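Below is one structure, written out as structure tokens; comments come after it.
In the numbering used here, the protein residues as written are 1 to 199.
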């Protein structure tokens with residue numbers, strides 16, 4: 001079974017990726033490999049940050065490394081929070097802090113209805129031996145609601161209603177989210193690529 005390091009310490013993200021990949025891969029993450037440090041994300045785009053993480057991990061891990069950089073882009077905020085989605089309310093911010101800042105900014109600007117259009121975007125990168133082998137992207141369109149709904153998911157999931165649904169990602173089952181999410185869409189492309197590499 002091929003080994004795959006997910007270049008993250010986010011256990012929620014690792015579980016989501018593991019569930020989508022299935023049993024074909026021996027999936028681990030940075031929590032199990034303290035010898036592989038998480039690099040500083042200095043890129044200006046999701047693709048740049050994904051490449052930084054994948055290359056750094058692949059220089060120390062003896063197999064494939066899969067990284068992602070993802071976040072929320074809100075049209076009324078010029079694409080913010082974007083690449084700083086996880087740090088939107090500051091470097092030590094919690095998910096709740098980030099959601100509160102987002103809602104506060106939308107309320108302050110009196111943004112309502114369709115003007116709250118947004119998308120979750122994910123860019124994944126596969127690397128090995130310090131070289132990028134492939135980059136894959138996925139996005140899901142939706143809207144930001146006025147208050148949180150749902151206990152599932154993480155990040156901004158309880159505020160985001162994907163197109164075609166009435167529930168937030170925080171209310172949808174993990175199975176549904178794993179089929180519809182930005183990460184699922186990028187990972188479907190990455191999985192196909194990884195399968196070809198191991199054929």
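Glycine included, each C-beta is placed from N, C-alpha and C at the ideal position.
Keep in mind it's a predicted model, so treat the numbers as computed, not measured.
- In this structure, the alpha-carbon of residue 49 lies about 8 Å from that of residue 68.
- Straight across, the Cα-Cα distance linking residue 192 with residue 176 is about 20 Å.
- Secondary structure at residue 142: strand, using DSSP grouped into helix, strand and coil.
- The Cβ-Cβ distance between residue 60 and residue 27 does not fall below 8 Å.
- Scanning its chain for C-beta atoms nearer than 8 Å, with the 5 sequence neighbours on each side dropped, one finds around residue 11 the residues 29 and 31, in chain order.
- Only exposed fits residue 24, as fewer than 16 other CB atoms lie within 10 angstroms of its CB.
- Below 8 Å, too few C-beta pairs join the stretch 156 to 171 and the stretch 32 to 44 to call them touching: fewer than three.
- A straight-line Cα-Cα distance of about 31 Å links residue 120 and residue 35.
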